[in-house]
Structures are given as structure tokens and as C-alpha cells.
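Step one of this worksheet: look at the structure below.
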Amino acid sequence: RIPYVIEKINMRSYGDKPSSYLRLVPNGLLPAISIDGNFQTESLDIMLNLDRTFQGSNHISMWPDSSSPESSRALSLMRLERDLFSRWCNLVFRPNVGSSTINRFIEGLDIVNKELKVTNSPWFLNDLSIVDLTYLSHIERMCASVLFWSGIKIRGNNRWDAINKWFDAFELRPSYLATKSDYYTHVMDIPPQYGPGYSLPQSQPFARVILGEDNNWKLPLKPFSEDDIEPVSRAIDPGDEAARHEAAFKVISNHEAITKFSLRGAGEPGKKQFQAPLADPYATPNLNYLSDMDILLRQAVYGLINGYENINPFNEISNDVDTINKTKKALLVSIEYLRDRIGVPRDMSYPAARQLRA
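Counting in this note's numbering, the sequence shown runs from 1474 upward without gaps.
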């Protein structure tokens, strides 16, 4: 294992980068890595450097040697990844998409699916490699985005059986689950990075589910199923109770900051705005409702642990009708502000986020 320390730096679309980071990486690019004081950017270069730098006696290289028969295949697969990425961009981020653009993207997925069947492993090469890691982040985004904007379902679709087995293999690895996002988080953070997505009519039923509309974020929640729009396999479903407890723990462990953050919804937006519509790092929270929001979140945590059926979220607020109505309005807009900004995996896993959103 490689000893490491992670420092989280926001992208430009979410706020200003810390000056301490810009002194080290003047162009602000992410990700970046420092090995013995030497900084490097670009994901592929970083992965290759780590693989070459940290080689113990039991090290299995994650990139084939140039003399290996797999070397030319790895390079070919990397070119295919760029081709699939281009097809995805043309489908999601270009207006007036026709059937030919849809068919080209589907054809690209078919080719990738076929390549995953070349080996006896679930991976592109005989073992997990940098090729898989390069594909992973983009295909994970594709699963969310082409469903949300184009109505194309990848996960749970037998047409792309090898891609689904590939994801299943990743989901057995805790290191992947630590970075795995959910569809809602993806479709919220993709436009600030890539530009707006353009919706096709057939995508609307899927988009409504992903956005929590039509009571999809209302209690009681339906059990997970592998047939869901966003499938959750048994390997990553901890069960409702464990998911609720994770959500409760996350709120409790950072309750003071979360309470104040929520009240940005009833406060004043920041004078400086950024490309991501849900990001407002300079917003001013309305602390007049701090104690009321604290009560509301405590009740939410109680409901996560003990059940929500007997909770009256406003029973500890003033008896004055005008005060109750004013406070309710402020708290409702604040709790919606918080709900819409629960991110996966930044804040918690998808099963836990689903419980807390509801």
C-alpha cells in the first residue's frame, strides 16, 4: 500500500481555489499529486507514475510492459476510450441530436462491451489495469447522464452484459466504493464541468426519478432492486437500517456546520456566483432560525434511528401562529437547500443519501 494524504480542492465551477494550492499548481488543474515535493497533474500520468514509483516485491504492474503482448492492446483500448468519450459528448452536449448520433453512441458501447469479453477476467486485460481505471470514471458518468438526458439505460441492460459484469467486479472492491457516486450527484455536477446537457423526450420519466420527483424521495421508500432505474446490487446494499444509521452518523458528526449550512437557504446568496448552480460558497446563512433548524435536524436523526412515523417536526416551535408560519417557511426552504446538496460519495454512500434526502 502507498502511504498518502488527501487534500480536497474544489473545481473552479464550485468556488475559488485556495491560494495555497495555486502557489503549488499555478494553473489550478486537478487532480494533482506531490511525490517527495514534485507536483504532477493529469490523471493518466499520475497513475503511470505511481505504478512505476512504488514497486515492492509482490507488485503487479497495472500497465503492461512494452514487450508484453498486451501492450499494443492496451494502447488500442485507450484510443477506444477516447472514441467512446467523443460519442458521449456528441450525444449529450449537442443540441438537435438525431438518430444517427444515438446509434453511434450505442455502437460505441457495443464495441466496448465486445472488448470486455476478449479475456477470461471481467477486466479489459487479464488483470485489473490502468486501462480499466481510465474508462471507469467516464462510463460511470455515462450511466447517469445518458439515462437522464437521452433515455438510454446502461446499468441493468443485458445488451451490455460485459459492462455490467465489469461494474459488478469493481463494486466488490472497497477502494472503488469509496469513490462511487450516484446518478443525482452526477447529473448535477456534469453541466458545470462539460456544459449543459440536452434532453430528449424519452428521457423525461428517468429524469424525474433521478431528481426525486413523483414522490421518489418520499417516505416510505421502496426497497432497492436490481431492476431499479439506478440499480443497487446486493454487494453494495447494506440494508435500510444500516443506511439510515450511516446517514444519522454523518449528520451527528458534523451537526453544527450542517445546521448553519442549511440556513443558507433562508439567508442571502453570495455576491460572487459560480458556474455550478448549487454552489454558493459565499452565501450568508440566516442564523435567526439556528435553534429551530437544530431541532429539525435532531428530529430527522431521531427518525433515521428510531422511525419517522411519530415525529411532528414543528411541535417544539413557538405557539404564536404568525411565528410558526414564518418559521415553517424559513425551515422548509432551508431543509430543501440541504436536501438538494447531499452529495455522493462526498457526504455519504448512495443508500444513506437516499434515506436522508427522504
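We put the beta carbon where it would ideally sit given N, CA and C, even for glycine.
The closest CA to that of ARG1546, considering only GLU1588, SER1764 and MET1520, is found on GLU1588. The C-alpha of ILE1627 is placed about 28 Å away from the C-alpha of ALA1720. For ASN1783 and GLN1772, the gap between their C-alpha atoms comes out near 10 Å. Residue pairing by DSSP places ILE1506 opposite GLN1513 in a beta bridge. Partner residues in a beta bridge of GLU1580, as assigned by DSSP, do not exist. Secondary structure of GLU1686 (DSSP, three-state): coil.
A straight line joining the alpha-carbon of VAL1498 with that of ALA1505 spans about 8 Å. In the DSSP assignment, THR1757 forms a beta bridge with GLU1741. When the Cα atoms are used, PRO1537 and ARG1525 turn out to be separated by approximately 11 Å.
LEU1692 and ILE1579 have their C-alpha atoms spaced approximately 36 Å apart.
DSSP places PHE1597 outside any alpha helix (DSSP H), giving it a letter other than H or E. Distance from the CA atom of TYR1667 to the CA atom of CYS1562, rounded to whole angstroms, is 9 Å. For the options ILE1482, ILE1475, ILE1603 and LEU1829, the alpha carbon positioned closest to that of GLY1529 is the one of ILE1475.
Remark: three or more beta-carbon pairs, one from each stretch, lie closer than 8 Å, so the segment 1600-1618 and the segment 1644-1662 are flagged as touching. Beyond the five residues adjoining it in sequence on each side, TYR1823 comes within less than 6 Å, by CB distance, of ASP1655 and VAL1817 in the same chain, given in chain order.
Only residues of its own chain outside the window of five on either side were considered, and among them MET1520 and MET1535 have a CB closer than 8 Å to the CB of LEU1606, listed in chain order. In this structure, LEU1770 is the residue among ASP1687, LEU1770, LEU1805 and GLY1581 with its C-alpha nearest to the C-alpha of ILE1731. By a beta-carbon distance limit of 8 Å, ALA1651 does not contact SER1486. Their separation comes to about 23 Å. When secondary structure is reduced to three states using DSSP, LEU1804 falls in the helix class. Annotation: the continuous alpha helix (DSSP H) that includes TRP1639 extends over 1634-1643. A Cβ-Cβ contact shorter than 8 Å links LEU1645 with ALA1708. If you draw a straight line from the Cα of PRO1491 to the Cα of VAL1604, it comes to about 32 Å.
Closest by C-alpha distance to GLU1809, out of SER1698, PHE1734, GLN1677 and HIS1728, is PHE1734. Between the segment 1594-1604 and the segment 1665-1682, the count of Cβ pairs shorter than 8 Å is below three; the stretches do not touch.
Here GLN1828 is buried, its C-beta having at least 16 other C-beta atoms within 10 Å. Look at ALA1721 here: in three-state DSSP terms it is helix.
Counting the other Cβ atoms within 10 Å of the Cβ of LYS1695 gives fewer than 16, which makes it exposed. Taking ASP1710 as the centre and dropping the five residues before and after it, the same chain places the C-beta of PHE1697 and PRO1824 closer than 7 Å to its C-beta, in chain order. Within 10 angstroms of the beta-carbon of LEU1517 lie fewer than 16 other beta-carbons, which makes it exposed. When the Cα atoms are used, PHE1722 and GLY1780 turn out to be separated by approximately 15 Å. TRP1622 and SER1572 have their C-alpha atoms spaced approximately 14 Å apart. Less than 8 Å separates the beta-carbon of ILE1636 from that of ASN1586. Using a Cβ distance threshold of 8 Å, HIS1611 and PHE1566 do not count as a contacting pair. For the 8 Å CB-CB criterion, ALA1826 and ILE1815 form a contact.
Around the beta carbon of GLY1712, fewer than 16 other beta carbons sit within 10 angstroms, so the residue counts as exposed.
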